[in-house]
Structure formats: structure tokens, C-alpha cells
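Read in order, the letters of the sequence shown correspond to residues 8 to 88 in our numbering. Remarks on the structure that follows.
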Amino acid sequence: MPAKSKAQQRFMAMVLEAKRGGKPASSAVAKATGSMTEKQARDFAATKRKGLPAHKATYAKEHRGAIMKKLAERKKKKTTA
Numbered sequence: 008m009p010a011k012s013k014a015q016q017r018f019m020a021m022v023l024e025a026k027r028g029g030k031p032a033s034s035a036v037a038k039a040t041g042s043m044t045e046k047q048a049r050d051f052a053a054t055k056r057k058g059l060p061a062h063k064a065t066y067a068k069e070h071r072g073a074i075m076k077k078l079a080e081r082k083k084k085k086t087t088a
């Protein structure tokens with residue numbers, strides 16, 4: 008499974024390093040090391056970074072238009088009521 012962002016790819020590279028005998032860089036890396044196989048970590052870490060976003064967009068950023076439309080409708084209902 009490919010990584011969704013550059014940050015996820017770098018994190019999985021740290022997990023893979025810890026899986027191969029290195030010291031975990033943080034408690035999050037140690038936790039992920041225990042829950043993943045080396046192959047899973049390798050698949051994420053091997054993702055090419057070209058074209059990936061730095062960080063995965065949040066739900067609000069992805070759905071900004073729909074959220075703003077709902078807020079405008081609510082505001083309009085309050086002013087007419």
C-alpha cells in the first residue's frame with residue numbers, strides 16, 4: 008500500500024529502520040513497529056515522494072465548499088426566522 012503523504016512515507020521509513028534493529032525514534036514509532044510487519048512498513052516506506060503532498064489534507068480542507076454552503080444556509084434560516 009503506498010503512502011498518502013511525504014510525512015507518512017518518512018514515518019514509515021523510521022518504523023522500518025526500527026523493525027530492522029534500530030532504536031525507535033519515538034513512542035509512536037515503537038507502537039507502529041509492534042503492530043506492523045516488516046513488509047507492510049517496507050511497502051509504505053518505498054513509496055516515491057514525487058507528487059505526494061507534504062501532509063494529508065484534513066476533512067475540512069477537502070470538503071470546504073460543502074461546509075461553507077451549509078453554514079450559509081443555516082445563517083440564512085436564522086435571519087429569516
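Ideal Cβ placement from N, Cα and C applies to all residues, glycine included.
Which of helix, strand or coil DSSP assigns to residue i
i, result
"threonine 40", "helix"
"serine 34", "helix"
"lysine 55", "coil"
"lysine 63", "coil"
Cα-Cα separation between residue i and residue j, rounded to whole angstroms
i, j, result
"alanine 35", "lysine 55", "23 Å"
"arginine 17", "alanine 52", "7 Å"
"arginine 49", "serine 42", "14 Å"
Candidates the options: closest to residue i by CA position
i, options, result
"alanine 39", "Val22, Pro9, His62", "Val22"
"lysine 11", "Lys63, Lys57, Met43, Ser33", "Lys63"
Limits of the alpha helix (DSSP H) - the one that residue i falls within
i, result
"threonine 86", "71-87"
"leucine 23", "13-26"
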